[in-house]
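The next block holds one structure in the form of structure tokens; read it before the comments.
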Amino acid sequence: MFPQDIKSAKSKLDEEYHRTEPQQIPHVRRKTRMRSLALLRAAMEEAEAASGGASGQHVDGDKDQYAFVGYKRHFSQNKLPEFEQIEILKMQAYRLHTGRCLVCRVVSQPSRKGDKITVGVEDGPGSILMINIRFPALSEAPTMVLDTIFPLGTLLAIREPIVELTGPPSPNPFILVNSLSDIVFLEPTDPVLLHTTWEHPAPSNPFAGQTATDWQTRGNGYFTDGHIFASAVAYSKGLECDPAAYILRLNRAAAYLRLECFEAAIADTAAVLASAGVARNERLKAHYRAAQAQYRLGRYYLALDGFKQCISIAPEFVGVKGWVSRCAERIQESMGSYNWVRMYKEALVPGSGLVDAADFVGPIKVGKSSRGGGRGIVAMRNVKVGDLLLVANPLVSAFPPEPTTKHELGANFITGHVDGWPRHALISKLITKLAGNPALYDTVAALYAGPTFPAPPPEFPPATQPDTPYLSNPLHVKMDMDVSLLEHICTYNAFYLKNVTRTTSACRTISRDFLKLPAALYLLPSLFNHSCVPSATWHHFGDVMVVRAAKDVAAGEELTLSYIAGPGDTIFSREAELKVHMAECDCPLCDADRGDGRMQCSTRAMSDLIFRRTDYRDCNTPEEIRVKVEPTYAASRGTLRPTMLRYHHYAAELMMLEAGFDPARWSAAVVEVFKALEAAGVVVNDKTASFRPSDLEGQPRDAFIIRTDSAPTYATELCVKLMLVLANVFHCHRDRRMAGRWMDAAFWLEGVHVGGGREIFCLRYAKALSMRPLLAAYVRRA
Ligand SMILES: C[S@@+](CC[C@H](N)C(=O)[O-])C[C@H]1O[C@@H](n2cnc3c(N)ncnc32)[C@H](O)[C@@H]1O
Numbered sequence: 003m004f005p006q007d008i009k010s011a012k013s014k015l016d017e018e019y020h021r022t023e024p025q026q027i028p029h030v031r032r033k034t035r036m037r038s039l040a041l042l043r044a045a046m047e048e049a050e051a052a053s054g055g056a057s058g059q060h061v062d063g064d065k066d067q068y069a070f071v072g073y074k075r076h077f078s079q080n081k082l083p084e085f086e087q088i089e090i091l092k093m094q095a096y097r098l099h100t101g102r103c104l105v106c107r108v109v110s111q112p113s114r115k116g117d118k119i120t121v122g123v124e125d126g127p128g129s130i131l132m133i134n135i136r137f138p139a140l141s142e143a144p145t146m147v148l149d150t151i152f153p154l155g156t157l158l159a160i161r162e163p164i165v166e167l168t169g170p171p172s173p174n175p176f177i178l179v180n181s182l183s184d185i186v187f188l189e190p191t192d193p194v195l196l197h198t199t200w201e202h203p204a205p206s207n208p209f210a211g212q213t214a215t216d217w218q219t220r221g222n223g224y225f226t227d228g229h230i231f232a233s234a235v236a237y238s239k240g241l242e243c244d245p246a247a248y249i250l251r252l253n254r255a256a257a258y259l260r261l262e263c264f265e266a267a268i269a270d271t272a273a274v275l276a277s278a279g280v281a282r283n284e285r286l287k288a289h290y291r292a293a294q295a296q297y298r299l300g301r302y303y304l305a306l307d308g309f310k311q312c313i314s315i316a317p318e319f320v321g322v323k324g325w326v327s328r329c330a331e332r333i334q335e336s337m338g339s340y341n342w343v344r345m346y347k348e349a350l351v352p353g354s355g356l357v358d359a360a361d362f363v364g365p366i367k368v369g370k371s372s373r374g375g376g377r378g379i380v381a382m383r384n385v386k387v388g389d390l391l392l393v394a395n396p397l398v399s400a401f402p403p404e405p406t407t408k409h410e411l412g413a414n415f416i417t418g419h420v421d422g423w424p425r426h427a428l429i430s431k432l433i434t435k436l437a438g439n440p441a442l443y444d445t446v447a448a449l450y451a452g453p454t455f456p457a458p459p460p461e462f463p464p465a466t467q468p469d470t471p472y473l474s475n476p477l478h479v480k481m482d483m484d485v486s487l488l489e490h491i492c493t494y495n496a497f498y499l500k501n502v503t504r505t506t507s508a509c510r511t512i513s514r515d516f517l518k519l520p521a522a523l524y525l526l527p528s529l530f531n532h533s534c535v536p537s538a539t540w541h542h543f544g545d546v547m548v549v550r551a552a553k554d555v556a557a558g559e560e561l562t563l564s565y566i567a568g569p570g571d572t573i574f575s576r577e578a579e580l581k582v583h584m585a586e587c588d589c590p591l592c593d594a595d596r597g598d599g600r601m602q603c604s605t606r607a608m609s610d611l612i613f614r615r616t617d618y619r620d621c622n623t624p625e626e627i628r629v630k631v632e633p634t635y636a637a638s639r640g641t642l643r644p645t646m647l648r649y650h651h652y653a654a655e656l657m658m659l660e661a662g663f664d665p666a667r668w669s670a671a672v673v674e675v676f677k678a679l680e681a682a683g684v685v686v687n688d689k690t691a692s693f694r695p696s697d698l699e700g701q702p703r704d705a706f707i708i709r710t711d712s713a714p715t716y717a718t719e720l721c722v723k724l725m726l727v728l729a730n731v732f733h734c735h736r737d738r739r740m741a742g743r744w745m746d747a748a749f750w751l752e753g754v755h756v757g758g759g760r761e762i763f764c765l766r767y768a769k770a771l772s773m774r775p776l777l778a779a780y781v782r783r784a
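Quick note: to get this note's numbering, add 2 to the position in the sequence shown (first position is 1).
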């Protein structure tokens with residue numbers, strides 16, 4: 003899908019929603035509607051059978067599937083008893099039925115396409131309509147699960163519905179329920195139903211007459227098969243039959259733990275512990291589940307108490323000991339002391355991406371800013387370059403799926419671009435997370451959502467309500483959920499993940515495949531404003547984000563991060579990525595580029611493109627590139643000249659290839675590397691390029707060879723590797739003093755960005771260091 007396709011899809015939607023004349027919904031016979039609903043169901047059953055399992059995907063041909071992101075849709079904020087009921091035939095297409103609700107019941111077996119569940123419903127007079135419900139928690143649910151959640155006869159109320167029409171030739175009406183809070187699952191005794199009379203007899207509900215024990219068995223089956231949401235629904239239905247059945251509550255706590263509804267899990271375990279006659283084993287399980295939930299909420303002292311309680315009940319329970327030491331580690335971490343090597347190794351586990359680490363907030367706080375949203379992050383005290391500022395677990399994260407699996411992409415109306423699967427998946431994950439953790443909603447809703455939403459409150463996080471709700475039944479969403487707001491929040495705040503276990507260094511290919519980059523949404527990190535030459539820098543261990551200062555910052559000064567995920571060599575590439583955030587970036591780098599002029603920048607961008615697209619040996623000579631690119635930078639601007647970094651790096655590589663045993667040619671190559679480093683923003687204090695055999699042992703430590711009150715933030719991994727190259731070249735010329743100094747510089751720069759000391763350095767640059775085993779000696783010294 004191209005940007006122009008996204009634009010035209012948006013204008014089509016605008017046209018439909020904003021047409022002024024009322025549009026009658028076409029009348030279709032009950033039988034015909036039932037037939038088309040049955041066909042949808044049959045298609046899903048067929049796909050399920052073809053995939054050989056209960057969890058078969060409902061695949062629609064080979065085309066990529068797109069969902070529209072960022073179209074402002076209504077969500078209801080009024081209370082159900084205040085609504086007037088409306089019948090299907092009295093509704094009009096593309097009209098918001100304010101203050102009305104459709105009371106209906108399910109008359110067809112549900113089907114699913116991605117996360118959209120389709121059910122047929124009838125109203126009192128017997129008219130039938132299709133309802134499409136966006137239900138991310140069921141995005142992989144098989145028919146069996148859908149039948150449990152939407153059995154025939156399920157009573158529903160749709161708050162303030164809008165009827166849409168499918169495309170020609172035969173436009174069929176349907177209601178799209180975008181926000182889960184717009185659909186209310188009704189009990190037969192609900193007062194809303196008092197005035198509803200049904201023209202047709204109720205379809206027979208396959209679960210009528212089920213007991214709490216039946217639901218427990220069903221729930222356990224779903225749990226074992228990995229249908230955790232359905233198991234929580236089954237346990238809840240069992241509890242409706244017998245509210246005193248505490249085993250159901252205990253099992254539901256296990257399901258809530260897996261669904262990451264931690265407050266709900268704690269509430270269920272508390273209710274179990276308050277019940278009479280709970281056996282020892284069940285009490286143990288309740289404490290264990292509650293402690294795990296507290297742990298996942300980052301309340302490590304409470305978790306520790308809970309695990310100790312487990313030990314006092316059952317000293318023989320060995321599994322719990324590991325949790326006690328994990329709590330102790332997390333408590334240590336929440337004071338800023340981390341075992342980075344452990345985290346690095348956990349991040350290496352293929353496919354998991356999960357790293358266990360506590361959150362840590364260093365010397366930073368939310369302050370006022372003139373940027374969009376009005377807030378930013380400021381230093382609370384003087385901060386030194388490399389200081390640890392923040393470690394944050396995500397609210398939600400998404401890693402690229404297996405290449406063979408097909409997934410929905412997002413046609414994003416806000417950016418005008420396609421969101422890759424991980425970025426798009428964040429929205430669904432966020433909806434599910436908030437439905438399960440209603441107390442989080444107001445905090446997330448206080449993130450910046452772009453200029454079309456009201457400005458967020460100045461304080462973050464906002465003060466919590468004294469009676470913050472928690473989930474009791476997974477089908478009863480506790481707050482009015484503005485899905486459009488959440489889509490905007492994800493678009494404006496999600497980060498691409500910078501995986502610490504990978505380094506990017508080739509000067510010709512510092513680029514990334516945006517569609518496949520993993521993504522995550524965080525709370526406090528979302529408050530950082532952008533600069534292309536930021537004062538803070540970040541990395542990810544799995545999805546745990548670690549932010550460090552990239553320069554010395556005075557108390558009260560704003561700290562910024564760079565939002566750029568790509569190389570961002572010229573104002574053009576940066577503008578393309580930043581367009582959604584700001585009309586014009588006012589950082590010194592963009593100012594300098596603007597000062598040079600658009601023509602000069604486009605010459606740079608073109609040379610860069612040709613350089614990166616051409617095969618190494620056929621490439622223009624370094625001299626040709628230099629002649630074109632160098633004059634595009636005004637002599638008066640600073641040394642940071644990203645495109646020149648590529649040129650000097652390329653030139654240095656060629657010179658080294660041809661240097662042979664000639665020290666003069668090696669010296670010339672070293673000068674070229676210095677220039678590359680300077681072009682990346684490194685200030686080199688000592689540009690000695692000649693070689694003097696020297697020893698490291700017994701030498702006093704030299705002054706730092708680069709400036710260390712501020713670290714470059716452009717192509718830093720390449721800079722570290724260039725410093726390693728210098729160390730290697732000096733080492734090979736037996737100038738161990740200079741080799742050691744460049745090794746120190748590489749180690750310092752890496753420490754500023756990633757931290758973690760010598761071990762992480764050796765792990766990240768293992769390949770570069772293994773080719774130069776002697777250099778390991780310098781690392782040890784550092
Ligand atoms: C992730 S939010 C940053 C926090 C935000 N200022 C707040 O109050 O929540 C990103 C938004 O901040 C604003 N912003 C960040 N950096 C900016 C900059 N350098 N120039 C202009 N606006 C900026 C833009 O509106 C952007 O979409």
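Even for Gly, the Cβ is constructed at its ideal location relative to N, Cα and C.
#1: Quick one: which unbroken alpha helix (DSSP H) runs of 4-plus residues sit fully inside the stretch 628–709? Chain order, please.
#2: Tell me the DSSP bridge mates of Ser712?
#3: Which residue's Cα is closest to the Cα of Gly753: Ala69, Thr718 and Arg738?
#4: Using 8 Å for Cβ pairs, my map puts Lys500 next to Ser712. What's the rounded Cβ distance?
#5: Residues in its own chain within less than 7 Å of Ala770 by CB, not counting five upstream and five downstream?
#6: Three-state secondary structure (DSSP) at Cys243?
#7: Measure the beta-carbon distance from His755 to His541 and round it to whole angstroms, keeping in mind my assumption that it falls under 8 Å.
#8: Identify, in the order they occur along the chain, each residue of the same chain with its Cβ nearer than 6 Å to the Cβ of Val549, setting aside the five sequence neighbours on each side.
#9: Identify which residue in Arg301, His289, Arg600 and Arg251 has its Cα closest to the Cα of Lys310.
#10: With a threshold of 6 Å, establish whether the CB of His583 neighbours any heavy atom of ligand 1.
#11: Go through its chain and collect everything with a Cβ distance to His202's Cβ below 6 Å, but skip five positions before and after it.
#12: Using DSSP bridges, identify the partner residues of Phe543.
#13: Pick out the complete alpha helix (DSSP H) segments inside the stretch 189–231, 4 residues or longer, and give them in chain order.
#14: Should Asn495 be counted as a contact of ligand 1 given a C-beta to heavy atom distance under 6 Å?
#15: Kindly provide the ranges of any beta strand (DSSP E) runs that are 3 or more residues long and lie completely inside the stretch 342–397, ordered along the chain.
#16: Here's a check: name, in chain order, each residue in its chain whose Cβ is nearer than 6 Å to the Cβ of Ser233, leaving out the five neighbours to either side.
#17: At the level of alpha carbons, what is the spacing between Asp361 and Ala666?
#18: With Phe497 and Ala465 assumed to form a contact (beta carbons below 8 Å), what rounded beta-carbon distance in angstroms separates them?
#19: Asp117 and Pro138: beta carbons closer than 7 Å?
#20: Give a yes or no on whether the C-beta atoms belonging to Val165 and Ile268 are separated by under 7 Å.
#21: What's the gap between the Cα of Ala551 and the Cα of Tyr494?
#22: In the DSSP output, which residue or residues are listed as bridge partners for Gly122?
#23: In chain order, what residues of the same chain have a beta carbon less than 7 Å from the beta carbon of Ala236, not counting five sequence neighbours either side?
#24: What is the C-beta distance between Arg102 and Ile88, in whole angstroms, given that I count them as a contact (C-beta under 8 Å)?
#25: Taking the C-alpha atoms as reference points, what is the distance between Leu591 and Leu432?
#26: Is the CB-CB distance between Leu42 and Thr120 below 7 Å?
#27: How is Asp571 classed by DSSP in three states: helix, strand or coil?
#28: Hey, how far is the Cα of Val486 from the Cα of Val71?
#29: For the candidate residues Val280, Pro317 and Lys323, whose alpha-carbon lies nearest to that of Gln294?
#30: Ligand 1 and Ser528: does any heavy atom of the ligand fall closer than 6 Å to the residue's C-beta?
#31: Residue range of the alpha helix (DSSP H) that Gln67 falls in?
#32: Answer with buried or exposed for Asp704, where buried requires no fewer than 16 other C-beta atoms within 10 angstroms of its C-beta.
#33: If you count every other CB in all the chains shown that lies within 10 Å of the CB of Asn384, and 16 or more means buried, which is it?
#34: Under 7 Å, do Arg285 and Ala255 count as touching if we go by C-beta distance?
#35: Is it buried or exposed for Arg377, if we count other Cβ within 10 angstroms and need 16 for buried?
#36: Please identify the residue among Ala159, Ala52, Glu18 and Leu261 whose C-alpha is closest to the C-alpha of Gly169.
According to the structure data:
#1: 644–660 and 665–681
#2: Lys553
#3: Thr718
#4: That belief does not hold up - the Cβ atoms of Lys500 and Ser712 are roughly 20 Å apart, past 8 Å.
#5: Lys723 and Leu726
#6: helix
#7: 7 Å
#8: Leu391, Leu392, Ala538 and Trp540
#9: His289
#10: yes
#11: Gly128
#12: Val546
#13: 214–227
#14: yes
#15: 366–370, 377–381 and 390–394
#16: Gly221, Tyr224, Phe225 and Ala257
#17: 52 Å
#18: That belief does not hold up - the Cβ atoms of Phe497 and Ala465 are roughly 26 Å apart, past 8 Å.
#19: yes
#20: no
#21: 23 Å
#22: Met132
#23: Thr150, Trp217, Arg220, Gly221 and Tyr224
#24: 4 Å
#25: 35 Å
#26: yes
#27: coil
#28: For clarity, residue 486 is Ser in the given sequence; the question names Val instead. Roughly 8 Å separates the two Cα atoms.
#29: Lys323
#30: yes
#31: Not the alpha helix (DSSP H): Gln67 falls in the beta strand (DSSP E), residues Gln67 to Val71.
#32: exposed
#33: exposed
#34: no
#35: buried
#36: Glu18
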